[in-house]
Structure formats: structure tokens, C-alpha cells
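**Q**
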Amino acid sequence: MLEMKKITSSEYFRANSESFFRDVDALLSHQAGVKLYSVSLPQSLACYQAKGTGSNLLLRLVLIPLGSGRLLGRLSWLDWRGVDHVCCYVDEAFDTLVMASNGVWKKQKKSAEDLCLQEYESLVA
234 MLEMKKITSS
244 EYFRANSESF
254 FRDVDALLSH
264 QAGVKLYSVS
274 LPQSLACYQA
284 KGTGSNLLLR
294 LVLIPLGSGR
304 LLGRLSWLDW
314 RGVDHVCCYV
324 DEAFDTLVMA
334 SNGVWKKQKK
344 SAEDLCLQEY
354 ESLVA
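Take any residue in the sequence shown, count from 1 to its spot, add 233: that is its number in the working numbering.
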């Protein structure tokens with residue numbers, strides 16, 4: 234009998250992050266003339282530097298453990314001063330989540346790509 238490898242939540246995030254960041258790169262390139270380049274940053278599952286404007290911004294994905302053994306992803310722009318500007322929170326499928334008043338995470342309508350673009354535009358305005 235073959236044992237199946239258990240896929241952890243972080244592996245789902247890692248697998249789905251590549252296509253997500255490709256989509257964000259295409260959106261930023263089209264809307265703002267900016268390209269994303271992969272860089273290494275401690276404590277980030279993925280990190281990309283935005284090039285094409287004078288701003289030095291990093292888009293990063295950080296995983297946050299939840300009490301139920303699941304992980305929550307936080308997408309944010311890190312500015313040149315080291316200040317984190319949160320775009321949104323996502324699940325393993327990169328559906329955006331918001332915490333309801335009762336403390337439960339619920340899906341929201343806006344896409345993570347759009348929220349990252351919106352936050353980027355507010356930072357460079």
C-alpha cells in the first residue's frame with residue numbers, strides 16, 4: 234500500500250503564488266508600466282520588487298498561522314522605510330478574506346490582484 238504525502242497548507246500557498254504573482258505582474262505592467270522581479274526577503278514566502286518607477290516597493294506574501302492549524306496569507310507592499318502597507322489577506326486559493334465582526338474570516342468580492350494594484354497606486358500617488 235502506497236502512502237500519500239500529506240500536502241501542507243504552505244505548499245498550496247507556494248504552488249498558487251507563482252500564477253498569482255504572474256497575474257499581478259501583468260496587471261501592474263499594463264496599468265502602471267511597472268514590472269515585478271523576484272527577490273529574497275526573510276520571513277516572506279514570496280517577495281517581488283516593483284521596478285519602473287522611482288519608488289522602491291516590495292510586494293510580499295507572508296504566512297500567518299491560524300489557531301485551527303490553517304494558514305492565512307498577508308499580501309502587502311513594503312516601502313523604503315520598512316513600513317508594511319497591507320493589501321489584503323488571502324486563503325490558499327488566493328481568494329481574498331476579511332474578518333467579520335464575529336471574528337470569522339469571510340471571502341470578499343474584490344480580487345487580490347485588484348487590491349494589490351489599488352494599494353500600489355495609493356503609495357505612488
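By construction, the Cβ of each residue, glycine as well, lies at the ideal position given by its N, Cα and C atoms.
Predicted, not measured: the structure shown is a model, and the values here were computed from it.
Taking the C-alpha atoms as reference points, what is the distance between residue 358 and residue 288?
**A** So the alpha carbons of these two residues sit roughly 10 Å apart.
**Q** Note down, in chain order, each residue of its chain lying with its Cβ closer than 6 Å to the Cβ of residue 313, except the 5 sequence neighbours on either side.
**A** The residues are 289.
**Q** Near residue 307, what residues of its chain come up, given a Cβ to Cβ distance below 7 Å and the 5 sequence neighbours on each side ignored?
**A** Cβ neighbours of residue 307 beyond the five flanking positions: 295, 297, 319, 322.
**Q** Going by C-alpha distance, which of 280, 299, 247 is nearest residue 272?
**A** That would be 280, whose Cα lies nearest to the Cα of residue 272.
**Q** Can you tell me which of the three DSSP states residue 292 falls into?
**A** In this structure, residue 292 counts as strand in the three-state DSSP scheme.
**Q** Reducing DSSP to helix, strand and coil, say where residue 317 ends up.
**A** If DSSP states are grouped into helix, strand and coil, residue 317 belongs with the strands.
**Q** From residue 347 to residue 337, what does the alpha carbon distance come to, in whole angstroms?
**A** Computed Cα separation, rounded: 23 Å.
**Q** Whole angstroms is fine: what's the gap from residue 324's alpha carbon to residue 253's?
**A** Near 12 Å, if we compare the C-alpha coordinates of residue 253 and residue 324.
**Q** Please tell me whether residue 352 and residue 310 are closer than 7 Å, where the distance is taken between their beta carbons.
**A** Yes, they are a contact pair.
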